[in-house]
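Below: one structure, written as structure tokens.
Protein chains: 4
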Amino acid sequence: MANTVQPKRRKRVDGELSRERILDAASEIAAERGYEGTSIALVSAKCDLPASSIYWHFKNKDDLIAAVIERSFASWLRAWEVPGDGTARERVQGLAMQIAKALLDSPDFIRLGLMLALERRPIEARARAMFIQARTQTAVALTETLSELTPGLTETQMRQLVTYAIAGADGLFIANEVDDQAVDLIEMFNMHANALYSTAVRLLSENAGQ
Amino acid sequence: MANTVQPKRRKRVDGELSRERILDAASEIAAERGYEGTSIALVSAKCDLPASSIYWHFKNKDDLIAAVIERSFASWLRAWEVPGDGTARERVQGLAMQIAKALLDSPDFIRLGLMLALERRPIEARARAMFIQARTQTAVALTETLSELTPGLTETQMRQLVTYAIAGADGLFIANEVDDQAVDLIEMFNMHANALYSTAVRLLSENAGQ
Amino acid sequence: MANTVQPKRRKRVDGELSRERILDAASEIAAERGYEGTSIALVSAKCDLPASSIYWHFKNKDDLIAAVIERSFASWLRAWEVPGDGTARERVQGLAMQIAKALLDSPDFIRLGLMLALERRPIEARARAMFIQARTQTAVALTETLSELTPGLTETQMRQLVTYAIAGADGLFIANEVDDQAVDLIEMFNMHANALYSTAVRLLSENAGQ
Amino acid sequence: MANTVQPKRRKRVDGELSRERILDAASEIAAERGYEGTSIALVSAKCDLPASSIYWHFKNKDDLIAAVIERSFASWLRAWEVPGDGTARERVQGLAMQIAKALLDSPDFIRLGLMLALERRPIEARARAMFIQARTQTAVALTETLSELTPGLTETQMRQLVTYAIAGADGLFIANEVDDQAVDLIEMFNMHANALYSTAVRLLSENAGQ
DNA sequence: TATGAATGAGACTTCATTCAT
DNA sequence: AATGAATGAAGTCTCATTCAT
Chain E
14 MANTVQPKRR KRVDGELSRE RILDAASEIA AERGYEGTSI ALVSAKCDLP ASSIYWHFKN
74 KDDLIAAVIE RSFASWLRAW EVPGDGTARE RVQGLAMQIA KALLDSPDFI RLGLMLALER
134 RPIEARARAM FIQARTQTAV ALTETLSELT PGLTETQMRQ LVTYAIAGAD GLFIANEVDD
194 QAVDLIEMFN MHANALYSTA VRLLSENAGQ
Chain H
14 MANTVQPKRR KRVDGELSRE RILDAASEIA AERGYEGTSI ALVSAKCDLP ASSIYWHFKN
74 KDDLIAAVIE RSFASWLRAW EVPGDGTARE RVQGLAMQIA KALLDSPDFI RLGLMLALER
134 RPIEARARAM FIQARTQTAV ALTETLSELT PGLTETQMRQ LVTYAIAGAD GLFIANEVDD
194 QAVDLIEMFN MHANALYSTA VRLLSENAGQ
Chain S
14 MANTVQPKRR KRVDGELSRE RILDAASEIA AERGYEGTSI ALVSAKCDLP ASSIYWHFKN
74 KDDLIAAVIE RSFASWLRAW EVPGDGTARE RVQGLAMQIA KALLDSPDFI RLGLMLALER
134 RPIEARARAM FIQARTQTAV ALTETLSELT PGLTETQMRQ LVTYAIAGAD GLFIANEVDD
194 QAVDLIEMFN MHANALYSTA VRLLSENAGQ
Chain V
14 MANTVQPKRR KRVDGELSRE RILDAASEIA AERGYEGTSI ALVSAKCDLP ASSIYWHFKN
74 KDDLIAAVIE RSFASWLRAW EVPGDGTARE RVQGLAMQIA KALLDSPDFI RLGLMLALER
134 RPIEARARAM FIQARTQTAV ALTETLSELT PGLTETQMRQ LVTYAIAGAD GLFIANEVDD
194 QAVDLIEMFN MHANALYSTA VRLLSENAGQ
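Chains as they are written, first to last, in this note's numbering: chain E, 14 to 223; chain H, 14 to 223; chain S, 14 to 223; chain V, 14 to 223.
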């Protein structure tokens with residue numbers, strides 16, 4: 014009669030599980046409605062735990078949203094990696110493709126993050142700080158990759174190129190959000206990759222000219 | 014006809030003035046905190062008029078925010094116009110410069126608009142619709158201008174180019190918002206203009222190649 | 014058909030009336046249960062106005078309790094006045110009688126005030142400050158009166174005498190609260206008056222002896 | 014018998030220690046914020062034990078506060094004892110000194126107790142009852158002592174004198190709480206002792222006069 | 001052309017307490 | 001001898017909005 018079911022330690026394990034359920038619910042709502050639009054009552058209803066239980070797992074709403082950002086940033090970082098072969102232009106295009114797909118796969122991170130970035134309420138939310146930190150990390154990773162693909166740029170030029178690369182991605186993401194029928198995101202990211210490559214080439218030629 | 018006192022128009026004028034004060038306050042707050050973060054009480058405190066007076070001038074909160082968008086869009090449209098001379102590349106650069114400066118001068122329109130665009134709350138707000146309409150108008154104007162500057166593109170290519178142009182502008186605006194010290198917006202818009210021009214040239218050469 | 018009923022401007026007048034109703038309810042509850050025990054819901058139920066209406070009249074709970082203190086202090090001050098004739102001892106006794114009766118008539122001020130005075134929560138409540146200020150005013154008034162009745166005391170002695178006078182009153186009030194059947198407050202205040210007078214005489218004789 | 018390890022008593026000892034830590038934390042908080050202001054969460058944070066552990070040691074919040082009163086009353090009683098020699102006036106003064114010092118040494122008992130005594134919430138708390146019982150015990154002890162020091166008073170006079178003695182002590186304690194810089198508690202208790210003695214003498218002479 | 005007063009709903013958060021482990 | 005997790009009730013306060021004047 015070997016009892017294979019082991020309901021022991023359920024509560025202990027359920028703690029982590031509950032936390033995850035709360036984060037799932039909060040992610041979904043926050044991506045839809047932003048910081049202020051995400052009410053604890055809404056999250057509570059969606060994850061089917063009383064509001065007071067949410068406060069067992071998170072200090073307050075800010076803490077909760079920050080945890081949402083943290084978790085979704087991790088999964089976003091996992092989603093893209095540098096392609097290893099082909100010409101420089103092809104590899105830049107390949108990278109852009111990765112990012113485009115990551116954006117389409119898990120848009121919550123960017124959507125919520127951009128909303129937080131745009132908000133400027135007097136008391137800086139921890140959640141906002143967390144997004145900006147995540148974005149800085151992205152910029153560092155991108156700098157490394159582009160440095161390898163298009164060597165010879167000055168530090169300033171590199172920084173500008175990375176800023177422009179990220180800006181284009183953000184902007185295209187928004188364009189897709191505003192009217193997802195009119196925009197072929199993959200196609201547009203391809204155009205962005207080409208533009209980036211052309212820009213790099215132009216900058217290099219300027220360096221040579223001087 | 015020397016009667017300088019005009020008590021008849023007095024009330025009307027005061028009314029307009031109050032309306033303007035409300036819009037000023039609402040603009041500032043909405044640009045800082047988004048739709049949900051803009052409470053009537055906050056607006057009331059900032060413009061020093063009772064909340065009930067706001068409801069005399071505007072049907073409800075949605076109507077107020079929509080009016081904010083409407084007014085700031087008008088001033089934004091007024092701020093840029095196509096430069097008339099020079100080479101095509103120079104004129105694209107000139108246009109980019111206009112837009113960059115308009116963004117720096119009255120950033121509220123874009124900031125609030127982007128926030129609204131990113132939000133996806135179930136019931137579409139009139140304010141969001143108004144921003145998207147304003148943006149469509151911008152796209153139309155941009156299409157006209159770019160058609161003139163880089164003729165020969167197919168309609169699809171043109172639409173893509175305009176989408177990319179706007180996306181870049183949005184993205185650079187956000188980059189500037191996130192860290193306004195690290196980004197020289199004018200410089201970056203110049204880079205964007207060059208990238209746009211290069212893209213147009215590439216597309217044209219592809220057309221010729223086919 | 015001269016209509017003598019004038020329901021006009023009712024709402025405007027009701028504002029003051031509502032404020033008074035709220036203060037009445039809050040006074041009663043706060044005197045019974047102290048600062049923390051006075052919940053807005055309780056006050057709301059007792060004055061039959063929704064909680065949100067209380068916030069129209071008072072900024073927050075602290076503001077409300079402070080207003081309670083303020084109002085009850087005013088009525089308390091009105092309740093006692095210095096008796097004008099008789100020997101010094103008789104006049105001190107007469108004054109004590111006034112205060113004893115004032116305490117019995119409107120005990121809320123003292124009860125709530127003492128509770129606030131005893132509390133030492135980190136963030137000082139405005140209500141507590143208000144009580145302490147009221148009490149200082151009482152001390153000043155008492156100093157004037159006693160100076161006239163028992164002249165010749167040094168400033169330090171006077172201050173001590175006043176402190177002792179108030180302390181005795183506070184203590185007797187508490188004794189009456191703890192067990193109002195065992196204590197005849199009037200009788201006890203008479204004893205207090207005699208003790209005060211004896212103390213003054215003793216101090217004066219010490220002064221003379223030096 | 015050289016076994017120095019005693020794991021059997023270990024749990025018991027730890028338990029007592031936890032209980033003590035909880036009581037320490039609760040005492041401090043309750044003396045600062047009163048009954049309602051003392052939340053289990055606050056106590057839990059201060060003693061660094063989970064809230065559920067507090068409920069292992071105490072039935073509920075009321076039980077906890079009652080235990081606080083009980084413990085602090087014991088230490089308070091331990092702190093004063095009747096001086097054995099000198100004139101009656103000197104011995105009364107000596108006793109007053111003891112009490113003044115006990116008040117300064119462990120003020121928590123009185124502060125919390127007075128707060129409870131002043132509160133009149135509908136459902137009598139066990140904690141309040143415990144304080145009143147403690148206070149009755151003090152009155153009995155004081156009656157014994159004063160009977161010995163000033164014999165010849167009627168029972169009623171004695172009860173009044175004891176009531177007045179305690180009232181003065183309470184009042185002076187409060188004066189010291191409200192503004193501890195302006196009040197020299199030792200000096201004031203000396204004044205109180207003299208006043209008590211004078212009162213006793215006056216009462217005795219009245220008895221003789223009748 | 002306003003506005004003082006009010007209000008029900010809902011915001012975030014803490015409360016005292018329980019229970020399975 | 002504890003404790004992680006949960007929970008319904010209640011806490012203070014703000015919300016958008018209405019209405020009589």
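Even for Gly, the Cβ is constructed at its ideal location relative to N, Cα and C.
Separation of the CB atoms of E49/S and G50/V is rounded to 5 Å, and the pair is thereby assigned contact status at 8 Å.
The C-alpha of D75/V lies about 18 Å from the C-alpha of A58/V. In the DSSP assignment, T163/V falls outside any alpha helix (DSSP H), carrying neither H nor E. Residues of chain E whose Cβ lies closer than 9 Å to the Cβ of Y177/H are, in chain order, G181, G184, L185, A188, M201, M204, H205, A208. M143/H is positioned such that its CB atom lies no closer than 9 Å to that of G47/E. The CB of V196/V comes closer than 7 Å to the CB of T176 in chain S, given here in chain order. The beta carbon of V105/V is closer than 7 Å to those of L162, A206, L209, Y210 in its chain, skipping five residues each way along the sequence.
For I199/V, the CB contacts under 6 Å within the same chain, skipping 5 residues up- and downstream, are A113 in chain order. Take the alpha-carbon of D121/V and the one of H70/V: they are about 22 Å apart. For Q111/H, the enclosing alpha helix (DSSP H) stretches over residues 101-118. For the region 139-155 of chain E, the set of residues with a beta-carbon nearer than 8 Å to any beta-carbon of chain H comprises I145, R148, in chain order. At least 9 Å separates the CB of D118/V from every CB of chain S. For Q106/V, none of the residues of chain S pass the 7 Å Cβ criterion, the least Cβ distance being about 13 Å. In the three-state reduction of the DSSP assignment, N189/H falls in the helix class. Using a Cβ-Cβ distance cut-off of 8 Å, the region 180-188 of chain V and the region 178-186 of chain S are in contact, since at least three pairs of beta carbons, one from each stretch, lie closer than that value. Nearest neighbour of L90/H by Cα position, chosen from A80/H, E103/H, N73/H, Q111/H, turns out to be Q111/H. Each residue's CA atom was taken as its position, placing G97/H and D37/H some 34 Å apart.
With respect to chain V, the C-beta atom of Q111/S has no partner C-beta closer than 9 Å.
With fewer than 16 other Cβ atoms from the protein chains shown falling within 10 Å of its own Cβ, E157/S counts as exposed. Assigned with DSSP and collapsed to three states, W89/V falls in helix.
Short of 8 Å from the beta carbon of I82/E, and not among the five residues preceding or following it, lie these beta carbons of its own chain, in chain order: F122, L125, G126, L129, A140, M143, F144, A147.
Annotation: Cβ neighbours of A130/V in chain S (cutoff 7 Å, chain order): I187, E190, V191. In terms of beta-carbon proximity, G165/H stays away from the interface with chain E, with every pair separated by 9 Å or more. Comparing alpha carbon positions, the residue from A178/S, D193/S, A195/S closest to A213/S is A178/S. Distance from the CA of A79/E to the CA of A44/H, rounded to the nearest whole angstrom, comes to 22 Å. Of all residues in the region 27-58 of chain E, only E45, R46, G47, E49, G50 come within less than 7 Å of chain H when Cβ atoms are compared, listed by chain position. Taking all protein chains shown into account, E190/E has 16 or more neighbouring C-beta atoms within 10 Å of its C-beta and is therefore buried. For S211/E, at least one C-beta of chain H is nearer than 9 Å to its own C-beta.
Pairing V56/V with L77/V gives a Cβ-Cβ distance under 9 Å. The Cβ of R102/V sits no closer than 9 Å to any Cβ of chain S.
Residues of chain H with a Cβ closer than 8 Å to the Cβ of L127/E are, in chain order, L127, L131, I187.
For N220/E, the enclosing alpha helix (DSSP H) begins and ends at 198-222.
For A138/S, there is no enclosing alpha helix (DSSP H), as DSSP marks it with neither H nor E. A straight-line Cα-Cα distance of about 31 Å links L116/V and D118/S. R102/S is not a Cβ neighbour of L62/S, given a cutoff of 9 Å. A distance below 7 Å between beta-carbons, with the five flanking residues on each side excluded, links S40/V to the following residues of its chain, in chain order: V81, S85, D121.
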